[in-house]
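What follows is a single structure, written as structure tokens, with notes after it.
Numbering (the working numbering), first residue to last: 700 to 1051.
Now the structure itself:
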């Protein structure tokens, strides 16, 4: 009887290899679930980061494929940066720069494709500080000339008539050179470019994708035709660093702002942990006269809107001589809610 039971139990047991496979399968499913949750939770951050790379972060509808993340555009940007300033990474326009840039326009077969009016405009980046500190422009050093054209014909199916329609395309090849007669040895960070064409012509292709169309599609505009691959991808970040400066001293403010942010964040955490812990422990464990009154004051202070205390806080900080300091920002962040949380935390432990 006992032997038969042992035999049945042995038969019901899974082989070690099968048990191991089940464990690995369960572990894989757990990891997949966590990876899926992480992907969903990080989705907002990923979209925000992708938007920060665009020329227009607020464009609508949102595109998930754009020049800054397209490898073929990276190659063109690196080549143009090398031509403009011998720098395929960050680009620019420097002495010796010799850029080849082409535009392809299309029109109906019965329309003549004429050469667009092209120029390197005198364009300031952004506004505010960026406009105030910009003193060098590529337009002061650039020479633009047409070096060749190439015309082709093609046919497209007209969906309305169901017949093929004939069209023409014409490519204009331009050469943008750094003026050799300029005595100043100056490297310009950006090389803007515009092309004005008649309404009957449509821009089909260009060496670098356009930044925007202006004047109802007549003007194709590029903010920088010599960006370099990193200058193309991280242009917004470079602008934040280079264009936020102190007008009086010329010092960059970005890293100072970042330092202030870290100082305030770390300082707030330290002050809240130390002061809230001590105050919370005193309210939870110590017995002294006026304990209930202090606790009522702490609770009451939580009901006061922050806006009500703005003026009084300002006057106190002014009298203490702490205006425009990191410590004043740290000090006003110490809230009674943290004291209450620490009090409840200490009370959750037995007094023994």
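Beta carbons are placed, not taken as given, at the ideal position from N, Cα and C, and that holds for glycine. From a predicted model like this one, the values you see are computed outputs, not experimental measurements.
| Asked | Found |
| --- | --- |
| My parser needs the beta strand (DSSP E) runs of 3 or more residues fully inside the stretch 866-948; what are they? | 892-895, 901-905, 911-913 and 918-921 |
| Counting beta carbon pairs with one atom in the stretch 833-841 and one in the stretch 851-867, are three or more of them shorter than 8 Å? | no |
| Secondary structure at residue 797, three-state DSSP: helix, strand or coil? | strand |
| Mind reading off the beta-carbon distance from residue 927 to residue 777? Whole number of angstroms is fine, and I expect it under 8 Å. | 6 Å |
| So, helix, strand or coil for residue 745, using DSSP? | helix |
| Straight-line CA distance for residue 885 to residue 874? | 20 Å |
| Between the C-alpha atoms of residue 936 and residue 855, what's the straight-line distance to the nearest angstrom? | 42 Å |
| What is the C-beta distance between residue 872 and residue 893, in whole angstroms, given that I count them as a contact (C-beta under 8 Å)? | That belief does not hold up - the Cβ atoms of residue 872 and residue 893 are roughly 17 Å apart, past 8 Å. |
| Over what stretch of residues does the beta strand (DSSP E) that includes residue 853 continue unbroken? | 841-856 |
| To the nearest whole angstrom, what separates the beta carbons of residue 796 and residue 876, a pair I think is in contact under 8 Å? | 7 Å |
| How many angstroms separate the CA atom of residue 730 from the CA atom of residue 763? | 27 Å |
| Going by DSSP, name the residue or residues bridged to residue 805. | 868 and 901 |
| Between residue 963 and residue 1025, is the Cβ-Cβ spacing less than 8 Å? | yes |
| In chain order, which alpha helix (DSSP H) runs of at least 4 residues are fully inside the stretch 763-796? | 770-784 |
| Mapping the DSSP letters down to three states, classify residue 721 as helix, strand or coil. | helix |
| Is it right to say residue 1042 is buried, meaning 16 or more other beta carbons lie within 10 angstroms of its own, or is it exposed? | buried |
| Could you tell me which residues DSSP puts in a beta bridge with residue 739? | Bridge partners of residue 739: none, in fact. |
| Give me the Cβ distance between residue 908 and residue 772, rounded to the nearest whole Å; I'm assuming they're in contact under 8 Å. | 6 Å |
| For residue 916, which option in 902, 1050 and 741 has the closest C-alpha, if you only look at C-alpha atoms? | 902 |
| Thinking residue 1000 and residue 1035 are a contact (beta carbons under 8 Å), I'd like their distance in whole angstroms, please. | 5 Å |
| DSSP three-state call for residue 984: helix, strand or coil? | helix |
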